[in-house]
Structure formats: structure tokens, C-alpha cells
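So the protein sequences, as listed, match chains A and B. So the first sequence is residues 44 to 208, counted in the working numbering. So the second sequence is residues 46 to 438, counted in the working numbering. See structure below.
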Amino acid sequence: MEREKQRELLHILEENGRRSAETIATMLGTSIEEVKETIEKLEKEKIIIKYPAIVNWEKVDENDLVTAMIDVKVTPKREVGFDEIAERIYRFPEVQSVYLMSGAYDLSVVIEGKTMRQVAQFVSEKLSALDSVISTTTHFILKKYKHDGVILEKPEDDKRMVVTP
Amino acid sequence: MSMQQMTTNQRLSRTIQQIPPSGIRRFFELASSMEGVVSLGVGEPDFVTPWHMREAAITSLERGYTAYTSNSGMYELREEICRYLSSSFGVGYNPNNEVLITVGASEGIDIALRALLDPGDEVLVVEPCYVSYDPVVRLAGGVPVAVRTSLEDQFKLTPEQLEAQITDRTKAIIFCFPNNPTGSIMTKEELNALARVIEKHDLIVISDEIYAELTYDTDHTSFASLPGMKDRTILLSGFSKAFAMTGWRIGYAAGPEDIIQAMVKIHQYTMLCAPIMGQVAALEALRHGMDEKDRMVESYRQRRNYIVKAFEQIGLTCHKPEGAFYAFPSIASSGMTAEDFAEKLILEQKVAVVPGGVFGDGGALHIRCSYATSMENLEIAIERIDQFLQKHK
Ligand SMILES: Cc1ncc(COP(=O)(O)O)c(C=O)c1O
């Protein structure tokens, strides 16, 4: 599939990962086989990594998770720099994401836990205890407005009249 | 004192009495009174104006830009429009005297006709077409003469059809490609063939190019860019469709100086100028909005592909629209009139479409379906239309 079409396909999937290959083929004006092959190839190349659902957990109260973003300062190691310590951190299942940052601290770590206490415990007992970690600053997220490009809780109603010229 | 009240007949001008109310109104009332309607009846983008254009307007309001602009519109905007027309469609205009910013393309249609027509002048209206051409010609004192295109010609206008309707009273012709409601376009060669007839009979062309940006398989040819045509063409366009800016009411007219300046005269005594907030947003759209425009076009194209195939699969003949965002399938096979079809469809299946007859008699056995709505809505609509067709076999 040509590059431009492939980019379009990615946009369609990003918008709705459950759309059938048949519909996508019609939308793009290509064959179903070509869509299937391209998706397989994109998955193999790790361009498509996963098909997640974006859930507004605040609406599902039995699963009221707390999220914290932690600024972590670390001492980089000879040869491996930040990579080794980053890996040690991202292997913890509580950790949702890890970014290497420029600026006042080195790693930005996102943690999800059932309670604030659980997150606090993780930070003090696991994260701070790592040899290379110099300091941590924990910020709890109070409310999510937009997540991974999706605005949560936006009134999406169509403001147009049903029929117009 | 005996005061006799004038009857409505006496009060209103004969012209206005002879103009029928919009054929869409009844459907609109029906559709709005029902819950759960999936609408393919909407002639405007389903996108909200991209944020940075809204942001530009908000910022300008904060800075206090709330006054009239020059009658012809902000100079910067006129300049930007000229740059755009030149780079995208290869037709050059002078921002000083060949461009006018209007209150939507709608105002442009109105004042172009008023600038041209004397009572009784005939204007060729290429049908099926946007609902306002015929009444606006009448309001300007002219006589609309329908030139019908048909499905067999993919709703393109042929030189023969055109020539057949020309009389010595014919002053101008108004058409719109890409077309509302059929979605058809005309290629450069096809337009050139028309240009020869137009030249021969010395007609003025009102070319409504409001959907110019929304083409899916080929690029748009602007009528004014054809050899010899710039001098007799009024190019009308605007921001409503390409940039999802229907509510801002900004359009423009570009053409030969004498006609544009005549239009400015009417505009300055009636509208004064287009709203400044809209002009600011439009300027931002032209300067920084092309990526968003392209994304919207991409999305319309995907939905066009889907809806055309889906119509074929459920048994409605539909030519492939190459522009705008309307599909115009034939419902002849159902045995119903389009009015009947549309009314039953909304009552039984809650899908709103527009019966083709409101766009001129040539559209009588078609329905207009706008695909400016989400893929999810299109899928539901197709399923419901399919059920409807099964039931009325
Ligand atoms: C062919 C055509 N011309 C003009 C218009 C009106 O455009 P504007 O919003 O710029 O007045 C429309 C709107 O539906 C249209 O379909």
C-alpha cells in the first residue's frame, strides 16, 4: 500500500480500532486483502503497537484508581546512561509510563494505584530505594480532562439542524 | 374613520408572492419534531471550525476588533484570497478592485444577480442546483430558465443542453461545480466546451465554486481560469464548506472590475461590510488552516467511498460524486416519488434525506444524502434504508 494510504489507514484505526477490514477497504478504495496485509505488516513492524480502549474510569466507580506523576532525579551510569535505570523502573507493573526528560529532573514516571497510600508506598519503598535514584517529587492527578488525544466528558452533540439547504 | 385593511395579496409584492416557500421546510419541521433521527439532510460540514480559527477570532475580540471594516472587506483578507486563488486555481485578481468580501457566498449570489439584471433578463440556471438560485434570480427581477442535467450525463452540463436554452434575452448563466446536490464536477475539457458556447452568445457566468476544495479524485478547475473567461466570470466562493465555517458568514466574489465595483455599490448600501470576527477567522483559515482542510477532505472522501458502495449494495443506483459532500442516488426503482420516499423514510425509519425535486425537476427521482456525518451514523442510516427498501419491495 502506498505511504499516503497507509497513513490514512492508521488515522482510521486510531479513531476506531474495531472497524472491519471490509469497511476500511471501501473507505480507502482498496481491496480487503491489501488492508489486511498492511495491518499485519504494521503490527509486525510495531507501528501499530496495541488496540486499547480509552476508558473514562471516573464513570466506573468501583474502579477508582489514583494516578500520580513522579519527577525522578537519577545518577546516570557509565556506558548505559539512563537506559538501565529507566528499564528497572518501567518493569514494575504499577508503572504506566516512563519518559526521559530535559530540564529540572531526569525521568517522568506515571504510576497507577488503588489508593494514595498504595502509590506513596510504592514511591517510598520501591522507587526511592533504587540505588541511582537521587530524589522524587510526587504529583497526584486530580482530574483528567484530556487523555492521549481524547477529550473526556465533552458534550459531543451535533449542533446543526436536522435538515438545512 | 373607515380604514380598509389591505389584504395580504395587496400588501406583498407580486414577486415575493410568486416565490414558493423552500421545499425543505416541511421536512425540517417533521425531522425536528422526532427523536432519534439520523440525518443525511444537513448541507454543512459535521466538523466544528478548527480551533485555531476560533482562537484567532477570540483573540481579536479581546483586542477590541469589533467595528466595521472597509466595504470591500479587510485588505489583508482580500490580498490573501488573491494569493490563494492564484496559487490554487491559477487565476489572478487585484485585491484593490477585483475582490469583494461578502456575507457568505449567499450574498454574493444575490448581489451578482442584482448587479447584472434588468427586469425580464433571462438567467440560465443549471439544475439540479442549490435551492436559492431560482428565487434569487426572480428577486432580482430576472427570469430563471432551467437547464437540466441528468444522471445519464453524470449531471454534467453539455454544450448542446446549454445552447438549446439560449434566447436573445439570455444575459447570464449560473452554475455550481462541484455541485450541490449531485456532487458532480466538470473537467477542464468539459468546461472549455461550454466556454465556447458562452463566448459565442456573449453570456456572463456566475460560477459558484463554494465546494472547490472538496474534490476527491481530480483537482478543481476554476471557470475563470479558462482562456478568455476571466473577463466574463464572477467567481463566488467562501469559507463555509472547506473550512467548516458556515456560521461565520464569510464569502467572496472575484471578477472583472466593473462588475465587482457594481456589486460593491449594492453591498455598501445594504450590508456595509461582512462581520469583522468572521473576516479575522477567515484570514487565519487561509494562512494556517490548509492542513485541517486536507484532513476534513480526506475524511469526506472515505465516507463518500463508503456510502456510494453501500447504496449500490442495497440496490439504489448512485453515480459516484466527485466533489462536495452529497450523494444523489436514484430511487426510481422503489416506485415512489422522492417526496413520498423521503416522508415515509423519516416516519418509518427515522432517517432524514432531502427529496431531489426541491433542487429542480430534474432531481425528482433522486434523494440527496449528505455524508457530512460520522461513519457510525452512515452505517446506521444505510441499514435503515435497506430495511425500508426490503419492506416496500
Ligand atoms: C451551492 C451553494 N452555494 C452557496 C451556499 C451558501 O454558502 P454560504 O454559507 O457561503 O452563504 C451553499 C450552502 O449550502 C451551497 O450549497
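Beta carbons: idealized from backbone N, C-alpha and C, even for Gly.
Run of the alpha helix (DSSP H) containing residue i, from where it starts to where it stops
i	result
residue 420/B	420-436
residue 155/B	149-161
residue 323/B	321-333
residue 203/A	Here residue 203/A belongs to no alpha helix (DSSP H), and DSSP marks it neither H nor E.
residue 184/B	178-184
residue 132/A	126-133
residue 49/B	Unbroken run through residue 49/B: none, as it is neither H nor E.
Residue span of the beta strand (DSSP E) that contains residue i, given as start and end
i	result
residue 127/B	Unbroken run through residue 127/B is the alpha helix (DSSP H), 120-134; no beta strand (DSSP E).
residue 119/A	Segment: none, residue 119/A is in no beta strand (DSSP E) and carries neither H nor E.
residue 180/A	176-183
residue 163/A	Counting along the chain, residue 163/A falls outside any beta strand (DSSP E), though it belongs to the alpha helix (DSSP H) covering 159-164.
residue 208/B	No beta strand (DSSP E) holds residue 208/B; the alpha helix (DSSP H) holding it covers 204-209.
residue 403/B	Here residue 403/B belongs to no beta strand (DSSP E), and DSSP marks it neither H nor E.
residue 101/A	Counting along the chain, residue 101/A falls outside any beta strand (DSSP E), and DSSP gives it neither H nor E.
residue 359/B	Premise fails: residue 359/B is in no beta strand (DSSP E) and is neither H nor E.
Buried versus exposed call for residue i [16 or more other C-beta atoms within 10 Å across all chains shown]
i	result
residue 57/B	exposed
residue 347/B	buried
residue 245/B	exposed
residue 113/A	buried
residue 288/B	buried
residue 109/B	exposed
residue 143/B	buried
residue 182/A	exposed
residue 54/A	exposed
residue 159/A	exposed
residue 274/B	buried
residue 164/A	exposed
residue 436/B	exposed
residue 413/B	buried
residue 50/B	exposed
residue 96/A	exposed
Residue i in three-state terms, based on DSSP
i	result
residue 273/B	coil
residue 114/A	strand
residue 91/A	coil
residue 448/B	Nothing about residue 448/B can be read from this structure; chain B reaches only from 46 to 438.
residue 382/B	coil
residue 298/B	strand
residue 61/A	coil
residue 230/B	coil
residue 71/B	helix
residue 194/A	strand
residue 67/A	helix
residue 416/B	coil
residue 108/B	coil
residue 247/B	coil
Nearest-angstrom Cβ-Cβ length linking residue i and residue j, presumed shorter than 8 Å
i	j	result
residue 87/B	residue 417/B	6 Å
residue 75/B	residue 391/B	6 Å
residue 141/A	residue 123/A	Between residue 123/A and residue 141/A the Cβ distance is about 15 Å, and since that is not below 8 Å, they are no contact.
residue 350/B	residue 69/A	5 Å
residue 187/B	residue 166/B	5 Å
residue 192/B	residue 207/B	6 Å
residue 168/B	residue 216/B	6 Å
residue 13/B	residue 404/B	Since the first residue of chain B shown is 46 and the last is 438, residue 13/B is not available in this structure.
residue 401/B	residue 426/B	Not a contact, Cβ separation roughly 17 Å.
residue 230/B	residue 260/B	6 Å
residue 162/A	residue 170/A	With 8 Å as the limit, residue 162/A and residue 170/A do not qualify as a contact, their Cβ atoms being about 10 Å apart.
**OP:** Measuring from each Cβ to the nearest heavy atom of ligand 1, keep the ones under 6 Å and list them in chain order.
**Re:** Per the Cβ criterion, the list is 208/A, 88/B, 149/B, 150/B, 151/B, 175/B, 221/B, 225/B, 253/B, 255/B, 283/B, 285/B, 291/B, 296/B.
Original post:
Going along the chain, which residues of the segment 200-230 of chain B sit with their C-beta nearer than 7 Å to a C-beta in chain C?
Top reply: The structure shown contains no chain C; its protein chains are A and B.
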